[in-house]
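Residue numbers (full-length UniProt numbering): 1 to 104. Structure first, then comments.
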């Protein structure tokens with residue numbers, strides 16, 4: 001990595017890519033399945049197409065759908081999403097046993 005004193009060298013971007021690649025390689029080395037953000041975005045595009053073909057409306061929170069790295073390289077970046085909550089769905093719930101956390 002060259003100059004870390006100036007933003008122009010894009011050292012932060014380079015570090016993030018190196019870290020991301022290291023994580024992906026580490027998972028692969030130990031036989032753990034994980035997908036990169038480009039593959040995940042393409043999988044989501046296929047999901048959207050299937051839902052549209054079935055006459056269903058895709059909802060979602062844009063900030064959770066768009067990856068933090070290279071977001072403008074995905075089809076989702078310039079696409080608005082309806083953040084309406086529909087059911088059935090998975091929702092956060094209150095901790096069932098709050099005292100357990102205090103003792104750990």
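Note that CB positions come from ideal geometry on N, CA and C, so glycine has one too. Quantities reported herein were computed from a predicted structural model and do not represent experimental measurements.
Is the Cβ-Cβ distance between residue 75 and residue 45 less than 7 Å? Translated into the one-based positions of the chain shown, residue 75 becomes position 75. Translated into the one-based positions of the chain shown, residue 45 becomes position 45. The Cβ atoms of residue 75 and residue 45 sit closer than 7 Å to each other.
Please give the ranges of any alpha helix (DSSP H) in the segment 3-31, keeping only runs that are unbroken, at least 4 residues long and fully inside the region. Fully enclosed alpha helix (DSSP H) runs of no fewer than 4 residues occupy 11-29 of the segment 3-31, in order along the chain.
Best match in 80, 72 and 67 for proximity to residue 58 [C-alpha to C-alpha]: Mapped onto the chain shown, residue 58 falls at position 58. Out of 80, 72 and 67, 80 has the C-alpha closest to the C-alpha of residue 58.
Does DSSP classify residue 87 as helix, strand or coil? Counted from its first residue, the chain shown places residue 87 at position 87. Looking at residue 87 - three-state DSSP - the assignment turns out to be coil, as it is neither helix nor strand.
For residue 66, count neighbouring Cβ atoms within 10 angstroms of its own Cβ and tell me buried if that reaches 16, exposed if not. Numbered from its first residue, the chain shown carries residue 66 at position 66. Buried: at least 16 other Cβ atoms inside 10 Å.
Comparing alpha-carbon positions, which option in 42, 9 and 23 lies nearest residue 73? The residue labelled residue 73 in the question sits at position 73 within the chain shown. Of the candidates 42, 9 and 23, the one whose C-alpha sits nearest the C-alpha of residue 73 is 42.
Look up residue 145 in the DSSP assignment and say whether it is helix, strand or coil. With the chain covering only 1 through 104, there is no way to say anything about residue 145.
What are the start and end residues of the alpha helix (DSSP H) that includes residue 63? Residue 63 sits at position 63 when you count from the first residue of the chain shown. For residue 63, the enclosing alpha helix (DSSP H) begins and ends at 62-65.
Using the three-state DSSP reduction, which class does residue 73 fall into: helix, strand or coil? The sequence position of residue 73 within the chain shown is 73, counting from 1. In the structure shown, residue 73 sits in a helix (DSSP, three-state: H, G or I).
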